[in-house]
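Residue numbers (the numbering used here): 754 to 1056.
Written as structure tokens, this is what we have:
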């Protein structure tokens, strides 16, 4: 089982559809957040349960306190149990040394750097490819991550982006489906329907003979009938205030869990009780053939 742990909402970027509704550095975070000792307790709980952790945010390495949490993680957990999803902004030797001790680093990139994209801040894609190059040069296992929405899902863009990743020997390219969640709830027009998404997946498959391996996110594999939703069974999300969610993406515009997805709170609640309640009382006893988030959004006519 793995946890997507959003350590913080603070991020140097300000993307229009951020699922975490991240706040820019320098803004005041009005939301509740765990203190350092509470985060350490959560880390120890996850380590004891042999959970794999994807540290995310916001940027989990931007604040010194969160950096220290990840430093502690590499001391008490196997490296293959630690992934980091980060921006690469303000990259330095200290961060480089830490990343050499983790299993995988994920960097989001949606377009080739010279192309504009109004849903990503200026410099976002250039920064991403530069940090990916550095990670490859330093033999740090990394993955580029692209979310499919109209300004990224243009076939010409996807082809050029794949060629760029191959040229730079980026090992993996993770393809994600756009969920209109978080700050993206108001951007449901960016959601690509099933038929078009399947067509894009076939197109991406036709590209996948180069240096970079193309990997589809679970929700895309569900669409093909190759996978089942693993919410609260194989994975959970943890928010900056310790709230445990059945899925790391099931968030409203304030980055609170969508109805039916809130499982409990760490470190206050017993983790075993949280998981048991999800299975026994909340309907997460079996994996489903559909994505639970998309099923909820469709029931609300949000897509």
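For glycine and all other residues, C-beta sits at the position ideal for the given N, C-alpha and C.
Residue interval of the alpha helix (DSSP H) (run including residue i)
i, result
"residue 1048", "1045-1052"
"residue 791", "789-801"
"residue 957", "947-960"
"residue 1027", "1024-1033"
"residue 757", "Unbroken run through residue 757 is the beta strand (DSSP E), 755-759; no alpha helix (DSSP H)."
"residue 975", "971-976"
Reference residue i; option with closest CA among the options
i, options, result
"residue 947", "1011, 1027, 901, 795", "901"
"residue 1014", "993, 772, 1001", "1001"
"residue 1041", "1034, 987, 1012", "987"
"residue 878", "951, 978, 904, 821", "904"
"residue 821", "840, 803, 796", "796"
"residue 816", "906, 759, 862", "759"
"residue 852", "825, 799, 912, 1055", "825"
"residue 961", "863, 1005, 911", "911"
"residue 914", "882, 940, 935", "882"
"residue 890", "849, 916, 908", "849"
"residue 789", "995, 1050, 830", "995"
"residue 1027", "1003, 875, 985", "985"
"residue 908", "954, 764, 800, 1004", "954"
"residue 842", "828, 861, 880", "880"
"residue 1022", "860, 1008, 794, 764", "794"
"residue 763", "785, 754, 811, 755", "811"
"residue 755", "1003, 888, 999", "999"
Same chain, Cβ closer than 6 angstroms to residue i, five either side skipped, listed in chain order
i, result
"residue 925", "896, 966, 968"
"residue 757", "807, 809, 990, 1001"
"residue 1006", "938"
"residue 819", "760, 761, 813"
"residue 1048", "none"
"residue 792", "822"
"residue 971", "980"
"residue 836", "807, 856, 857"
"residue 830", "800"
"residue 1054", "none"
Run of the beta strand (DSSP E) containing residue i, from where it starts to where it stops
i, result
"residue 839", "835-839"
"residue 1018", "1015-1018"
"residue 990", "988-991"
"residue 965", "Here residue 965 belongs to no beta strand (DSSP E), and DSSP marks it neither H nor E."
"residue 893", "Premise fails: residue 893 is in no beta strand (DSSP E) and is neither H nor E."
"residue 928", "925-930"
"residue 997", "996-998"
Nonlocal neighbours in the same chain, by C-beta distance under 8 angstroms from residue i, ignoring five residues either side
i, result
"residue 931", "770, 900, 901, 902, 937, 943, 944, 945"
"residue 919", "963, 964, 965"
"residue 950", "901, 930, 973, 976"
"residue 958", "967"
"residue 1056", "933, 941, 944, 1047, 1050"
"residue 783", "Since pLDDT at residue 783 reaches only 45, below the 50 mark, its modelled position is unreliable, and no value is offered."
"residue 781", "Residue placement at residue 781 cannot be trusted, given a pLDDT of 45 that sits under 50; the coordinates are not used to answer."
"residue 956", "908, 911"
"residue 868", "878, 910"
Rounded Cβ spacing between residue i and residue j (contact assumed at less than 8 angstroms)
i, j, result
"residue 707", "residue 1030", "No answer is possible for residue 707: the residues shown for the chain start at 754 and end at 1056."
"residue 844", "residue 805", "With a Cβ gap of about 24 angstroms, residue 844 and residue 805 do not count as contacting."
"residue 964", "residue 922", "5 angstroms"
"residue 839", "residue 866", "Not really, about 18 angstroms apart at Cβ, beyond 8 angstroms."
"residue 858", "residue 832", "Actually they are not in contact, since the Cβ atoms of residue 858 and residue 832 sit about 12 angstroms apart, beyond 8 angstroms."
"residue 787", "residue 993", "7 angstroms"
"residue 935", "residue 773", "6 angstroms"
"residue 898", "residue 927", "5 angstroms"
"residue 884", "residue 860", "6 angstroms"
Sequence-distant residues of its chain with Cβ nearer than 7 angstroms to residue i (five each side left out)
i, result
"residue 1038", "1032"
"residue 873", "768, 863"
"residue 982", "975, 1040, 1041, 1043, 1044, 1045"
"residue 1024", "798, 802"
"residue 940", "769, 770, 933"
"residue 766", "840, 874, 877"
"residue 906", "945, 953"
"residue 886", "921"
Fill in: Contiguous beta strand (DSSP E) assignments of at least 3 residues, all confined to the stretch 897-923
Whole beta strand (DSSP E) segments, 3+ residues: zero.
Worksheet item: Can you list, in chain order, the stretches of the beta strand (DSSP E) that have 3 or more residues and sit fully within the stretch 806-890?
Response: 835-839, 857-861
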